[in-house]
Ligand code: SF4
Ligand code: SF4
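Numbering (our numbering), first residue to last: 6 to 214.
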């Protein structure tokens with residue numbers, strides 16, 4: 006399963022680069038809009054499979070860990086969660102204003118791609134995914150209504166927390182009293198990391214709620 010997910014991610018990365026190289030990157034926004042509607046049914050599959058930022062953040066995190074420069078800290082000014090929405094409004098406003106008054110198409114996607122990689126060289130991926138990414142803010146908004154999502158079978162879960170350690174978006178909580186994992190659909194990227202590692206095969210993709 007891991008290899009299939011990686012191949013899908015790389016194919017979308019190639020598509021992203023192709024659209025960028027052929028000056029058709031605006032089509033990516035169409036793909037993103039479709040992904041928001043898809044999130045209402047399938048969850049945040051854009052984040053887990055399609056997003057070029059996520060695809061490049063994976064090797065960036067690997068490098069960060071190898072060089073031992075990753076910190077577990079969260080910048081205090083990000084904790085309240087407002088920044089991700091501010092980033093969204095500023096990005097859209099900058100794009101529209103520069104287009105209208107200066108006839109410039111600002112390369113907003115490559116800029117955010119560079120920011121994502123840069124941030125991930127220092128901070129855990131969850132910092133960018135949950136507290137910075139403007140696209141993630143919209144995916145969270147739509148993803149919370151997903152009809153299908155990763156779900157934990159409470160009768161099988163032993164509360165080992167292995168899934169918590171591999172989740173890139175801090176979507177899993179193990180309730181100490183019950184010793185059972187719970188997945189937050191709004192935060193889940195549907196990436197399958199948790200499913201792959203769960204020793205009890207307790208995680209399935211099924212009806213959310
Ligand atoms: S890895 Fe599986 S068994 Fe362990 S806490 Fe997560 S869902 Fe439960
Ligand atoms: S590890 Fe599991 S819970 Fe976390 S984002 Fe991936 S699929 Fe969702």
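We put the CB at the ideal spot given by N, CA and C, even for glycine.
*Would residue 61 pass as a contact of residue 121 if the rule is Cβ separation under 8 Å?*
Going by C-beta atoms, residue 61 is nearer than 8 Å to residue 121.
*Specify, as a first and last residue, the run of the alpha helix (DSSP H) that residue 8 falls within.*
In the DSSP assignment, residue 8 falls within the alpha helix (DSSP H) that extends over 7–26.
*Counting along the chain, where does the beta strand (DSSP E) carrying residue 209 start and finish?*
208–212
_Given a cut-off of 8 Å on the beta-carbon distance, is the pair residue 197 and residue 187 in contact?_
no
*Nearest CA to the CA of residue 134: which residue from 191, 109 and 202?*
191
*Let me know the secondary structure DSSP gives residue 275 once reduced to three states.*
The question about residue 275 has no answer here: the residues shown for the chain are numbered 6 through 214.
*If you scan the stretch 91–140 from start to end, which runs of the alpha helix (DSSP H) of 4 or more residues do you find wholly inside it?*
Within the stretch 91–140, the complete alpha helix (DSSP H) runs of at least 4 residues are 113–125 and 130–136.
_Delimiting residues of the alpha helix (DSSP H) encompassing residue 70_ = 57–71
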